[in-house]
Each structure stands twice: as structure tokens, then as C-alpha cells.
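Line by line, the protein sequences are chains A and B.
In case it helps, the numbering used here puts the first sequence at residues 2 to 480.
In case it helps, the numbering used here puts the second sequence at residues 46 to 369.
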Amino acid sequence: MATETAVDVVMPQMGVSVSEGTVTKWLKSEGEQVEADEALLEISTDKVDTEVPSPASGTLTQILVQEGETVEVGTKLAQIGGAPAGNGQASAAPPEPATAQAAAEAEAVSSSEGETPTAAQVEETKPEEPAPEPESEAAPAAPAARIADGATDGKSFVSPVVARIASEHGVDPGQVQGSGRGGRVTKKDILAFIDSGEPMKASAEAAAPPVVAPSTPAPAAPAPPPPQAERPAPAMPQAEPAAGETLEPMTAMRRGIAEHMRRSLDTSAHVTSAIEVDMSRVVAIRKKLKKEYEKDYGVNPTYLSFVARATVETLRDFPWINGEIRGEQIVTRNYVNLGFAVELADGKGLIVPVLKHAEGLNLLGIARGVTDIAQRARDKKLTPDEVQGGTFTITNPGGYGTFHGTPVISQPQAAILGTYAVVKRPWVIQDDRGEDVIAIRPIMNLTLTYDHRLVDGALAGRFLRDLREKLQTWDEAAY
Amino acid sequence: MSEKTYLQAISDGLREEMRRDKRVFVIGEDIGVYGGAFKVTLGFQEEFGAWRVIDAPLSETAIIGGCTGAAIMGMRPVAEMQFADFISCAWDQLVTVAAKQRWRAGTPVPITVRLPSGGGFSGGPFHSQNPESSFAHIPGLKVICPATPEDAKGLLASAIQDPNPCLYFEHKHLYRRIKAEVPDERYETPFGKARVHQEGDDLTVITWGAMVYTAEEAAQQLNDDGVSVEILDLRTLVPWDKQAVLESVRKTSKVLVLHEDTHTGGFGGEIAATIAEEAFEDLDAPVKRLTAPDTPVPFSPQLEKAFIPQVEDVVASLRNLAEY
Numbered sequence: 002m003a004t005e006t007a008v009d010v011v012m013p014q015m016g017v018s019v020s021e022g023t024v025t026k027w028l029k030s031e032g033e034q035v036e037a038d039e040a041l042l043e044i045s046t047d048k049v050d051t052e053v054p055s056p057a058s059g060t061l062t063q064i065l066v067q068e069g070e071t072v073e074v075g076t077k078l079a080q081i082g083g084a085p086a087g088n089g090q091a092s093a094a095p096p097e098p099a100t101a102q103a104a105a106e107a108e109a110v111s112s113s114e115g116e117t118p119t120a121a122q123v124e125e126t127k128p129e130e131p132a133p134e135p136e137s138e139a140a141p142a143a144p145a146a147r148i149a150d151g152a153t154d155g156k157s158f159v160s161p162v163v164a165r166i167a168s169e170h171g172v173d174p175g176q177v178q179g180s181g182r183g184g185r186v187t188k189k190d191i192l193a194f195i196d197s198g199e200p201m202k203a204s205a206e207a208a209a210p211p212v213v214a215p216s217t218p219a220p221a222a223p224a225p226p227p228p229q230a231e232r233p234a235p236a237m238p239q240a241e242p243a244a245g246e247t248l249e250p251m252t253a254m255r256r257g258i259a260e261h262m263r264r265s266l267d268t269s270a271h272v273t274s275a276i277e278v279d280m281s282r283v284v285a286i287r288k289k290l291k292k293e294y295e296k297d298y299g300v301n302p303t304y305l306s307f308v309a310r311a312t313v314e315t316l317r318d319f320p321w322i323n324g325e326i327r328g329e330q331i332v333t334r335n336y337v338n339l340g341f342a343v344e345l346a347d348g349k350g351l352i353v354p355v356l357k358h359a360e361g362l363n364l365l366g367i368a369r370g371v372t373d374i375a376q377r378a379r380d381k382k383l384t385p386d387e388v389q390g391g392t393f394t395i396t397n398p399g400g401y402g403t404f405h406g407t408p409v410i411s412q413p414q415a416a417i418l419g420t421y422a423v424v425k426r427p428w429v430i431q432d433d434r435g436e437d438v439i440a441i442r443p444i445m446n447l448t449l450t451y452d453h454r455l456v457d458g459a460l461a462g463r464f465l466r467d468l469r470e471k472l473q474t475w476d477e478a479a480y
Numbered sequence: 046m047s048e049k050t051y052l053q054a055i056s057d058g059l060r061e062e063m064r065r066d067k068r069v070f071v072i073g074e075d076i077g078v079y080g081g082a083f084k085v086t087l088g089f090q091e092e093f094g095a096w097r098v099i100d101a102p103l104s105e106t107a108i109i110g111g112c113t114g115a116a117i118m119g120m121r122p123v124a125e126m127q128f129a130d131f132i133s134c135a136w137d138q139l140v141t142v143a144a145k146q147r148w149r150a151g152t153p154v155p156i157t158v159r160l161p162s163g164g165g166f167s168g169g170p171f172h173s174q175n176p177e178s179s180f181a182h183i184p185g186l187k188v189i190c191p192a193t194p195e196d197a198k199g200l201l202a203s204a205i206q207d208p209n210p211c212l213y214f215e216h217k218h219l220y221r222r223i224k225a226e227v228p229d230e231r232y233e234t235p236f237g238k239a240r241v242h243q244e245g246d247d248l249t250v251i252t253w254g255a256m257v258y259t260a261e262e263a264a265q266q267l268n269d270d271g272v273s274v275e276i277l278d279l280r281t282l283v284p285w286d287k288q289a290v291l292e293s294v295r296k297t298s299k300v301l302v303l304h305e306d307t308h309t310g311g312f313g314g315e316i317a318a319t320i321a322e323e324a325f326e327d328l329d330a331p332v333k334r335l336t337a338p339d340t341p342v343p344f345s346p347q348l349e350k351a352f353i354p355q356v357e358d359v360v361a362s363l364r365n366l367a368e369y
């Protein structure tokens, strides 16, 4: 018998697009005492590595997901307090050799058929008790009523009004603690969440303490998300490699990138325009500032910082390029959250940390910010807040000498700027007498890849022209 | 202002209309000498004479047919069906003739049909029905369902002045049970304007007629749980106040449509469908309907109680919605 209320520790949602996480290390072992908010375990997701604090004080009665296992967001990882659940099988179960499709089907069946208690429910029930049947109401039982009775995990259902509010405020309903049936997020829950403060800020905090639901062992208790055993991850194809081939499982990050890239191309009408920029002035100014910045601030004013600073300035005049299509509406902002595509140190993926409110930073501020987030991105030390909320992205593949590219837009943004190698080229300019002469100039190509649903070619052209103008006539005093 | 029963308000309102407008006359079974089955027209024949307070033969067809003819000739007849259930006998005159006349020939048909409706007193299958939905489906007819004495008088005045055939459903269970202040002067309550019976923030009940009071009692119990319920009394079904309904849905996002009429094809379905079409993105729960089941109204008091939505049924539905 439970002597205290059991509290579930679940895999937290670490970002809008993050669907799963890997337990990297348990900092406490079963039977050990833990305080509320004390670090309980470490997890790794495709965006960040972080510690998960304990949602309650008590004894760590049971660890259900072992180190190295990858589970879906919301999966119960452990239990604090209460008696250990009778069935510890799920915790030790190795990933079953089922295909992802079979797992998905199994999940679909268990969530659509209210009469069949899910495996999770069975696990919740004491062995001597019969499997719970959804209570039938006095009113005629409709399928919706069954979902409402908690036969399925209500947390996964987002009602129309909650979906609308979430999209209007850019909030992920998964980060909101639900008070509705089965843990469903109600309109009141999400409004209170938004009212409670800046959702972006709250999301970072909410990501740290996992969403918890007191798990009283009553038949009507909300069923936890399917345990890990029900949906093995990573799902490995069983085919043997052909001669000369090797197989390796996709990392969570690689799958996340794959999904996002495909979805972006399916969503936006990608068009790319390019422009050539004479960087003579920037090169000269950078040469001068480099010493000063490195000496006084320990910061390298990279070409990227110059381009970023000029981009933020130009975006001010092109709100749609810093905008977003949201349903039937166009979103514009009075701020720029500038994302930078950063390759990770291990070469196994990329991440887009975001420099918030870049419109308030001068050249030094941007240079410092870019250095900082790029380093922490490589070290996987970013907080969830720092990889969300971008309004425009810059990608910089020029370090390898490439002079052109067609990057993929980071959804749901409207455009992405590509910066390329600064190359000395013979360039036609006019001399003092207005005669054409050939000079050697450092030239950089810039590309703007934009969503033609929102941004037309002429608008993109004007944006690139203005950006080039700012770089070619760099005003040191202004920036 | 004076306190009146729902029945007294109807009677006084009707008398007032007859006094101010010579074109208004009443016709029905036993409404003259006897004063009507529910005594709404008691004393009318003494005051207005047998020509304006006509005892009709037992033929609803003749009553509605006669009213239609008189209305076309410029009169403003008010017919009484002894029970709303009997209106089915006059279906053809009402639906085929009266409802279509204005579209066919351009002549207005300003008739008012008073329909004592509803159950709750073991009247059985022929004396307890709420057939408003059947007529709400017929273009050309207006459908009126007052819940309060004040509305009973004001909506009757509007119905008599309206150039279309108006079906005025007066709920028998409210006749002597409901008492409230009614303005002494004449006034018209506009059609298509819902009344907020009580304001609330968490759930909305959309209803009309006697169910307004059932909802009110249920809402009190929910209030004890800390759940605030808004009750919207539609007052008229044709036209109905879509705007008020959608506004309330936007506010609470959880809706119970409640009516005493049976389920399938009931007017609640129309409301629920409209909410789904026009306020989908404001919903935080499925729109729920609580109605009588699809059976005739039973005689047995126990069965009738099971048939007509009771306070505890509404409480259960509301709690279910609140917890969703």
C-alpha cells in the first residue's frame, strides 16, 4: 500500500519540435531520498542536454527508463514516493524488435478503442482488480465522451480553442500543465499559462521541471503515455546491410533535422535570389576594429557579425521578410530574433541558436552574442529558450569557400540569408574621372531564400539591394 | 409593475391587445363560454362579445383555415390549440397555406397560434409534447417560446403585431408555477433577441421555455462547486439569436444545449451545428446536447421524470463538461 502520494517523473518537452529524449544518467538510484527541485537525472535531446529536477520530495521508488534508453516526451521515467508499481517489467524491457509502423499502429489502436484498456492502464491497475471499463454516463455514450472518460490519454488531445490560442501566442500546449480530463490542457490552463508571464520565459522554466501528475492508483486515474516498451526507439530496420554497406541508427537529432527539412520544403515555396557585395569597406573597418575588439572585449568581429548587424537594420524596412504566415494571417514584429545555423562539434548535425532582440544590439553586441551562442551550441550547453522563437535566420557556409547555395527555411519563418566566402575578384569600378577600370575587390555573395507565398521576388530584390548598400557604405558611427 | 403568474401575463397581454386593436379576435375550442381549458380567456366573451371570442368546432383545420382567411382579409386572429399536440391536425392549413401565402401571393398572414405545450404533469403522449422544432423547420413560420411572465406578455404583443404566422408556445408547467414582475404598460419584446437569464464564465447552457428554470437550479449546484454557468434563454427559435449564442461560446468555450423536445431533429441540433460551423476555434469541449429521448412522452410519473431532463441530469451534464 502506498503511504504517500506517488508523483510521476516524466520526460519533459524540451522544445516545440522535440518529440523524444534519451536518459543519459541517473543522479539518484532507486530507494534514495530526493528533495524537490534537486537534480534527479540528465537527459539528452536533439536540441539540448539538461538536468531534470525532481518534481517532489520523497523516495525514488522506481526507475522505469534506464540510462541510454530513448523515450517519447511524456513517458513516465520514474516514480517518487508511493509504493513501487507492481509491474516493473516495463522498466527493464529492452526495445522490442518491432517496426516503427507496427508500434504506431499499436498505439493508434490503443488510443482509438475506448473499450480496450491500454497496456498503460493495465499497468496502472492492481493485479487483483479487473481491468477498468470506461464508466458509461447517463447520457448516451458518444465516442467523444469516451475520450473524455479518460480511456485514452487526454493530454494528447488539443481542443480547437486551445490550438488557436496556442498558435496566436506561439505557445506549445505540451508545456502547459493540464487540469482537464486525462490531463488535457483546457482553455483556462493555457490562458493562465500565458497570463503567468512571458510564455517564452516560462517555456524555458517549464522545460526544466517535468510535467507531473499525481498518480493515485484509482481506476479513473489518467493513463500515462504508453510506456517505452510499447514504442521502441530508435526503431531499427531489421534488414541486413549488403556487402560493403554499414548500418547505423539515426540519432534523434538527425531524425529531427530530416523531419524539419522535409516539412519546410513541403510548406514554403522556396525561391532564392543572390547578390554580390563589394566588402572593401567592411574589410577595412574590420581590420581596424579587430585589434580593438580582441584587446578590449576578447571578441572577434567576424564578417558574419557585420552581415548580421546590417541584416537586422534592413529587416526593419521589410517586416514581411521578418514575418510569418500563421493560418490565414500574416505575422509581423517590432523585433528581430536572429537565428544562426551552427554546425555541432561532432559533425553530426546542426542547431539554430537564436539571438533574441537583435535589433537592440550594436556590432559589438552582435559579435559577442554570436560567439557566445555558437560556442555553447557546440558544447550542447544551450537552454531550450535559446533555440526557440527565431524570426529570421542566417546560415554561413562560406567558411569552406562556397560562393552560392540554396538553404532551407527554418519554419515557420519567411526567409533565410546565406553568406558565402569573401573572395578577391577583378571588379569593374569607376575611377576619379568616371572611367571604367578593373580593380581587385573582396566580393561576397549573399543569397536570400524566401517563401514566395509571402515574399515576392521584387521585395526580396529590394531587401538584398538595401543590404548590399549598407555593407558597401558601412557607417561606423551608426553601427 | 405588478407580480403576475405566467398564465395571468398571457391573459392580460391578450386582453390588452384586443382592447387596443379591433382587428384582434380569438378563436378556439371551449375558449368562450368556458374560458378555455386553462382559463386564459376567462371573462373574454363577457368583455368582447361572442363575435370576437369564438367557440370553434372540434376541428383544428377549420380554426387555422378560418384564421388564415380572416388574416388575408385584414384581421389579426389569435387561435388557441387546446394542447399544442393538436396542431398536427392543422398541419396542412398552417404549413401549406398560411406559411406559403406571403411568398406565393405577397399577402401577409398575421395569425398567432397559442400552443399550450410541455409536460411534467403526467399528461401522456397527446398532451405533453413540445413540437416547436417541427415548425422551426418550415420557412414562413415564426416560433416563439417565452419563459418568463414579462416575456410572455411582450412576445405575445409582438406576435399579434407581426405580419407572419406566429406559433406561440406557452409552457403549461410554467402557467401557475412561475410568478414575476410584469410591467403594467403595453410593450413589445423583440423577436430574435436572446435573454441572458444569468451570467457566467465557465459553461454556457442554451435553452428556452421551462428548461430555463431546470438549468437555473442545476447552475446553483454547479456554483457551489465553484463553476459559473451562463444561461441563455433564446426566447424565440425563429428567428434565433445566433449572435448571442456565439458570443457566449466565445466566452466560455463549453456549451450544453438543453431542450425538453426529443433528441433527433430537435432544434438543439441546429444550434450545435451552427456553433461547430461558426465558432469551432472557440470550442474547448464537444458541444453537448441534453434532451428528451426519442420516444413519445410517457404517462407514468416515474417514466415521465426519466423522459424530461431533470435538474440532476443537467447537473451531471454540466459537471461532465466542466471536468472535460
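Beta carbons: idealized from backbone N, C-alpha and C, even for Gly.
All values derive from a computational prediction rather than experimental measurement.
Of the residues the options, the one placed nearest residue i, counting alpha carbons only
i	options	result
B/R334	B/I251, B/P343, B/V342	B/I251
B/K217	B/F166, B/A54, B/A351	B/F166
B/A264	B/W253, B/D247, B/G254	B/D247
B/Y232	B/C134, B/Q174, B/G58, B/D278	B/G58
A/D196	A/V172, A/L365, A/E36, A/D433	A/V172
B/E357	B/G245, B/M256, B/F214	B/M256
A/G399	A/G181, A/T420, A/Q389	A/T420
A/T333	A/I81, A/V456, A/G175	A/V456
B/G314	B/E326, B/V300, B/D327	B/V300
A/V53	A/R287, A/E43, A/G181, A/E68	A/E43
A/M12	A/V438, A/V74, A/R256	A/V74
A/G257	A/R310, A/L472, A/T46, A/R185	A/T46
B/P338	B/P331, B/P354, B/V69	B/P354
Beta-carbon spacing of residue i, residue j below 8 Å
i	j	result
B/V227	B/K49	yes
B/T106	B/Q146	no
A/T448	A/A416	no
A/L468	A/T312	yes
A/A422	A/T403	yes
B/L277	B/S298	no
B/T234	B/D207	no
A/G32	A/T71	no
B/E92	B/F312	no
A/L356	A/L339	yes
B/W253	B/R280	yes
B/A101	B/G73	yes
B/A225	B/P191	no
B/E329	B/M46	Going by the sequence as given, residue 329 of chain B is Asp instead of Glu. Their beta carbons are not under 8 Å apart, which means B/D329 does not touch B/M46 by this criterion.
B/Y51	B/Y220	yes
**Study point:** the segment 316 to 333 of chain B: positions lying closer than 7 Å to chain A by Cβ
**Key:** F325, E326, D327, L328, D329, A330, P331
Review point. Enumerated in chain order, which unbroken segments of the alpha helix (DSSP H) with a length of 4 residues or greater are wholly contained in the segment 278 to 303 of chain A?
Key: 281 to 297
**Study point:** At least three beta-carbon pairs within less than 8 Å, the segment 304 to 311 of chain B to the segment 280 to 291 of chain B
**Key:** no
**Study point:** chain A contacts from the segment 54 to 87 of chain B (Cβ-Cβ distance under 7 Å)
**Key:** none
Check your understanding: Got a sec: which bits of the segment 159 to 190 of chain B sit with their beta carbon under 8 Å from any beta carbon on chain A, in order along the chain?
Key -> none
**Study point:** Sequence ranges, beta strand (DSSP E) only - wholly within the segment 265 to 320 of chain B, length at least 3
**Key:** Those beta strand (DSSP E) runs which fall completely within the segment 265 to 320 of chain B and span 3+ residues are 274 to 278, 281 to 283, 300 to 307.
Review point. Do three or more CB pairs link the segment 259 to 276 of chain B to the segment 351 to 366 of chain B at distances below 8 Å?
Key: yes
Exercise for review: With 8 Å as the C-beta to C-beta threshold (strictly closer), list the residues of the segment 159 to 185 of chain A near chain B in chain order.
Suggested key: Residues of the segment 159 to 185 of chain A with a Cβ closer than 8 Å to any Cβ of chain B, in chain order: S160, P161, V162, V163, A164, R165, G181, R182, R185.
Review point. When you check each C-beta in the segment 277 to 306 of chain B against every C-beta of chain A, which residues fall closer than 7 Å?
Key: S298
Review point. What residues in the segment 20 to 37 of chain A have a beta carbon less than 7 Å from any beta carbon of chain B?
Key: none
**Study point:** At least three beta-carbon pairs within less than 8 Å, the segment 283 to 300 of chain A to the segment 405 to 418 of chain A
**Key:** no
Point to revise | Interface positions of the segment 60 to 77 of chain A facing chain B (Cβ-Cβ less than 9 Å), listed along the chain | key: Within the segment 60 to 77 of chain A, no residue qualifies.
Exercise for review: Anything in the segment 347 to 379 of chain A with a Cβ closer than 7 Å to a Cβ of chain B? List those residues in chain order, please.
Suggested key: none
Exercise for review: Determine which residues of the segment 350 to 368 of chain B have a Cβ less than 7 Å from any Cβ of chain A, and write them out in chain order.
Suggested key: Within the segment 350 to 368 of chain B, the qualifying residues are D358, A361, S362, N365, E368.
Exercise for review: Could I get the ranges of all uninterrupted alpha helix (DSSP H) runs contained in the segment 153 to 199 of chain A, with 4 residues as the minimum, in chain order?
Suggested key: Taking only runs of at least 4 residues, the alpha helix (DSSP H) segments lying wholly in the segment 153 to 199 of chain A are 161 to 170, 188 to 196.
Point to revise | Given 8 Å, three or more beta-carbon pairs between the segment 429 to 449 of chain A and the segment 274 to 291 of chain A | key: yes
Exercise for review: Indicate whether the contact test is met: 3 or more Cβ pairs, each with one atom in the segment 305 to 320 of chain A and one in the segment 360 to 378 of chain A, closer than 8 Å.
Suggested key: yes
Point to revise | alpha helix (DSSP H) runs contained entirely in the segment 228 to 271 of chain B, provided each spans 4 or more residues | key: 256 to 269
Review point. Do the segment 318 to 329 of chain A and the segment 460 to 474 of chain A make contact, defined as three or more Cβ pairs closer than 8 Å?
Key: yes
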